[in-house]
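One structure is given here, and the rest of the page talks about it.
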Amino acid sequence: MRIYVAGPVADIATVRGVQEAVVAAGHELVLDWTQDTSLTEDAPGPVESAALAEEDLDAVLAADAVVVVASAHEGWGMYVELGAALACACRGELRHVVVVGEIQHESVFHFHPVVQRVASVQDWLRREL
Numbered sequence: 180m181r182i183y184v185a186g187p188v189a190d191i192a193t194v195r196g197v198q199e200a201v202v203a204a205g206h207e208l209v210l211d212w213t214q215d216t217s218l219t220e221d222a223p224g225p226v227e228s229a230a231l232a233e234e235d236l237d238a239v240l241a242a243d244a245v246v247v248v249a250s251a252h253e254g255w256g257m258y259v260e261l262g263a264a265l266a267c268a269c270r271g272e273l274r275h276v277v278v279v280g281e282i283q284h285e286s287v288f289h290f291h292p293v294v295q296r297v298a299s300v301q302d303w304l305r306r307e308l
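Take the sequence shown: its position 109, counting from 1, is numbered 288 in the numbering used here, and each next residue is one higher.
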């Protein structure tokens, strides 16, 4: 299964842990955005930001599952990715929209009926795959 893992840039370590679990379970990452160190440094300019946005959204649209890492850290882009995943799921184009961890920065969209909420990615991998 091709999986996209979204999460806050400020919590890259947790996102990478989820990615590692996904790969260890035999799945493929559509895109590993955590390898782009410019995300943790100064904000990229408009041209670079446009390219990153397009690449991330294309990855969400190409995924078989989108996993969103809930965290104590706030995230912004991950909510766009969650929204895109929900749109795909509501159209029947995506089977798995998963929120992993304790939701600390709530959005009503975390509770949409298609969203699977789990304590850990291992819980989801055991249950759904």
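Note that the Cβ used here is the ideal one computed from N, Cα and C, for glycine as well.
* To do: Assess, as a yes-or-no matter, whether the region 250 to 260 is touched by the region 199 to 209 under the definition of 3 or more beta carbon pairs within less than 8 Å.
  => Contact between the region 199 to 209 and the region 250 to 260 is absent, because fewer than three Cβ pairs lie under 8 Å.
* **Cα-Cα separation, Val287 to Ala298** => Position 108 of the sequence shown, counted from the start, is the residue given in the question as residue 287. Position 119 of the sequence shown, counted from the start, is the residue given in the question as residue 298. For Val287 and Ala298, the distance between alpha carbons rounds to 18 Å.
* Roughly how many angstroms lie between the CA atoms of Val277 and Pro225, to the nearest whole one? -> As a position in the sequence shown, residue 277 is number 98, starting the count at 1. As a position in the sequence shown, residue 225 is number 46, starting the count at 1. The straight-line gap from Cα to Cα measures roughly 30 Å.
* Three-state secondary structure assigned by DSSP to Val188 -> Numbered from 1 along the sequence shown, position 9 holds the residue referred to as residue 188. Val188: helix per DSSP, three-state reduction.
* Can you tell me where the beta strand (DSSP E) with Arg270 in it begins and where it stops? -> Against the sequence shown, residue 270 aligns to sequence position 91. Premise fails: Arg270 is in no beta strand (DSSP E) and is neither H nor E.
* Start and end of the beta strand (DSSP E) containing Val294? -> On the sequence shown, position 115 is the one that residue 294 refers to. It spans Val294 to Val297 - the beta strand (DSSP E) in which Val294 sits, taken as one unbroken run.
* State the DSSP-derived secondary structure class of Leu210, mapped to helix, strand or coil. => Start at 1 with the first residue of the sequence shown, and residue 210 comes out as number 31. DSSP places Leu210 in the coil class of the three-state scheme, outside both helix and strand.
* **Ala185 beta carbon less than 8 Å from that of Val279** => In the sequence shown, counting from the first residue as 1, residue 279 sits at position 100. In the sequence shown, counting from the first residue as 1, residue 185 sits at position 6. Contact: no.
* Coarse secondary structure for Ala251, derived from DSSP in three states -> In the sequence shown, residue 251 corresponds to position 72, counting from 1. In this structure, Ala251 counts as coil in the three-state DSSP scheme.
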